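The numbering used here puts the first residue of the sequence shown at 110, with every later residue one more than the last.
No residue lacks a Cβ here, since even glycine has one placed at the ideal position from N, Cα and C.
Quick caveat, the model's predicted, so the values are computed rather than measured.
Note sheet for the following structure.
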Amino acid sequence: MWMNDPNGMVYYEGEYHLFYQYYPDSTVWGPMHWGHAVSTDMVHWKHLPIALYPDSLGMIFSGSAVVDSYNTSGLGLNNNAPLVAIFTHHNDAAAKAGKDDYQYQSLAFSNDHGRTWTKYKHNPVLPNTHHFKDFRDPKVSWDPTHHRWMMALAANDHAEFWISKDLKSWRHLSDFGHEWGGHGGVWECPDFFPITLEGSTDTLWVLIQNINPGGPNGGSATQYFIGTFDGTDFTLDPKFSKEVLNGNGVWLDYGRDNYAGVTWSGIPDTDGRHLFLGWMSNWDYGQQVPTTPWRSAMTIPRTLTLRNTAAGLRLCSWPAKELSSLHGRQYGLQHVRISTPTDLNARMHCDKAIMDLDLQLDLGDKPAGNFSIILSNAKGERYVISFDRTLNTFSFDRSHSGNTGFSSQFCATPTRAPRISKGNEMHLRMIMDVASCEFFAEDGETVVTEIYFPSTPFTSIQIVPESGDLLLNSVTAFELNATKQQ
Ligand code: FRU
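Take a look at the structure:
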């Protein structure tokens, strides 16, 4: 049935938990529950019963979950570590009655590895005393430096930081963002965490801030900010993009279909990754996509890294290594020069386009280097990815990808995404499923996630050089096996 945001992503004793905004009675949005799934690798998932149901305080909107290792909340049984979920209660009746304090933050806890949940009896723990119409999506993490909990919260047009010693009583710390970044819509689903700059020992802070609408290609999208945190205030780093000063966002993903994503909490230090996934849809048309009896999926899990790029500090995404557990037959090509449209599948003797494809290209000297990658089926339905060397920009066109008529928003304009590096060598990775392509350029500096609905799956991947020869230095492809429900 209906699913939107990932919620309560927490790793605990060998299991990744993924809760999600869920309406079990319909394929459109309705009274929100927290659905629940667990996995040992973020790839193969087992569905569990609904974790949280709406109650007299409201629907269960988005939020996070933590392992309360020191039992600061006192909600652990026999002083063991409970799992604590921190979520927004949305009181629809109050909203409809014209009130403006109908969203507030509440707790639920579990002492059995997330199998059953109890709502805290003194909910809400953070009432909406400032009467913000949008006051939601708490992302809580443990701050080991100050020995306290930190909450990032979306409040209308900015993020708020709150602190607590016990998850139950919260104090306002600071605000960020009225004046920075994209403001074409409401700020929703923040995430706030420290991250080490690749190749150094410097630690900076990332604020992920989802926004709807106002994305770079329309509708919902995920922007972020890089800065420092002094224990009270988050301040932008001067090496981060100047774009955010002019009311523009810097985007984690330029595609139309990656929203409300945040990172997992509780990842052991010995692993240390920042693991992310998002809702693979867009509020522009998410409730109309032609699937039944379910609506929507999550992106693949991704590892986030902070890199100093030609455009300044950037948060890069790369498929989590666990995805290789789906790898089937391997295909490859080396050092192939192409000057005319080339069917990769024919060259590799492979009849599927559901694969994990890694392409190392040499574009040649300018003005050469324009090309397209066309995923298609025998009916001529296609998803077209093009690269414009002069603009150093990718574009993505799904206007002939099959069923597109369910919403005029679905392919109103082609998606555009900048390439950051300017060199002749280009590295692309594409994870293609029946109804989605997750595209990563230059080790994840540019990411584009999009969905499509061909009447039969795409079976061909064609590379079309459009200005001079293209050198395929290496092509590595793995068929992707289906994940059976566990
Ligand atoms: C984001 C969002 C959240 C909210 C939830 C409701 O997609 O609007 O801000 O908590 O979805 O389902």
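From the options, residue whose alpha carbon lies closest to that of residue i
i: Pro-377; options: Val-119, Trp-111 and Asn-113; result: Val-119
i: Ser-178; options: Pro-191, Ala-263 and Thr-225; result: Pro-191
i: Asp-380; options: Ser-485, Gln-397, Thr-412 and Gly-514; result: Thr-412
i: Phe-562; options: His-383, Met-259 and Arg-507; result: Arg-507
i: Ala-203; options: Leu-442, His-444 and Tyr-213; result: Tyr-213
i: Arg-266; options: Asp-252, Gly-553 and Glu-297; result: First, the amino acid is wrong: residue 266 is Asp here, not Arg. Selected option, being the one with the closest Cα: Glu-297.
i: Val-175; options: Trp-373, Leu-384 and Gln-443; result: Trp-373
i: Gly-441; options: Leu-468, Ala-462 and Ala-419; result: Leu-468
i: Asp-201; options: Asp-164, Leu-579 and Arg-365; result: Asp-164
i: Ala-419; options: Gly-286, Pro-527, Arg-491 and Asn-454; result: Pro-527
i: Met-541; options: Gln-443, Leu-589 and Leu-384; result: Leu-589
i: Asp-460; options: Gln-439, Arg-525 and Ser-283; result: Gln-439
i: Leu-422; options: Ala-264, Asn-486 and Thr-305; result: Thr-305
i: Gly-327; options: Asp-311, Glu-307 and Asn-367; result: Asn-367
i: Gly-364; options: Phe-587, Val-556 and Leu-313; result: Val-556
Residue i CB to nearest heavy atom of the ligand FRU below 7 Å
i: Arg-365; result: no
i: Ser-273; result: no
i: Asn-391; result: no
i: Tyr-213; result: no
i: Thr-197; result: yes
i: Asp-114; result: yes
i: Met-464; result: no
i: Asn-321; result: yes
i: Met-141; result: yes
i: Phe-170; result: yes
i: Ala-203; result: no
i: Ala-369; result: yes
i: Asp-246; result: yes
i: Glu-297; result: yes
i: Gln-318; result: no
i: Gln-397; result: no
i: Gln-332; result: no
i: Gln-130; result: yes
Under the three-state DSSP convention, the category residue i falls into
i: Asn-113; result: strand
i: Asp-597; result: The question about residue 597 has no answer here: the residues shown for the chain are numbered 110 through 595.
i: Asp-177; result: coil
i: Asp-150; result: coil
i: Arg-456; result: helix
i: Ala-202; result: helix
i: Ser-390; result: coil
i: Asn-355; result: helix
i: Glu-431; result: helix
i: Leu-500; result: coil
i: Leu-186; result: helix
i: Gln-396; result: coil
i: Ile-376; result: coil
i: Cys-520; result: coil
i: Trp-271; result: strand
i: His-383; result: strand
i: Lys-488; result: coil
i: Phe-549; result: strand
CA-to-CA distance, residue j to residue i, given in whole angstroms
i: Thr-344; j: Thr-337; result: 5 Å
i: Cys-425; j: Arg-416; result: 7 Å
i: Arg-446; j: Asn-582; result: 8 Å
i: Ser-530; j: Lys-242; result: 41 Å
i: Val-249; j: Phe-196; result: 10 Å
i: Ala-206; j: His-198; result: 16 Å
i: Gly-324; j: Asn-220; result: 39 Å
i: Lys-351; j: Trp-154; result: 40 Å
i: Pro-347; j: Val-137; result: 43 Å
i: Asp-465; j: Leu-186; result: 44 Å
i: Met-110; j: Asn-533; result: 46 Å
i: Met-112; j: His-444; result: 44 Å
i: Gly-473; j: Asp-578; result: 7 Å
i: His-222; j: Tyr-492; result: 42 Å
i: Ser-569; j: Ser-485; result: 5 Å
i: Gln-130; j: Trp-226; result: 16 Å
i: Gln-595; j: Asn-454; result: Summary for Gln-595: the model assigns pLDDT 48, below 50, so the residue's position carries little reliability, and this model does not support an answer.
i: Tyr-301; j: Gly-511; result: Note on residue identity: the sequence assigns Phe, not Tyr, to residue 301. Looking at the two C-alpha atoms, the distance is approximately 39 Å.
i: Gly-291; j: Val-234; result: 30 Å
i: Gly-293; j: Ala-330; result: 11 Å
Contact with chain D by residue i, beta-carbon distance below 8 Å
i: Leu-442; result: Looking at the structure shown, chain D is missing, and only one protein chain is on hand.
Any non-hydrogen atom of the ligand NAP closer than 7 Å to residue i Cβ
i: Phe-270; result: Among the ligands modelled here, namely the ligand FRU, the ligand NAP does not occur.
Query raised in the report: Quick one: any contact between the region 450–469 and the region 160–169, if contact means 3 or more CB pairs under 8 Å?
Result: no
Query - At least three beta-carbon pairs within less than 8 Å, the region 474–489 to the region 572–581 - result: yes
Report task. Inspect the CB distances between the region 383–390 and the region 488–499 and report whether three or more fall short of 8 Å. Result -> no
Query raised in the report: Between the region 342–360 and the region 301–318, are three or more C-beta pairs nearer than 8 Å?
Result: yes
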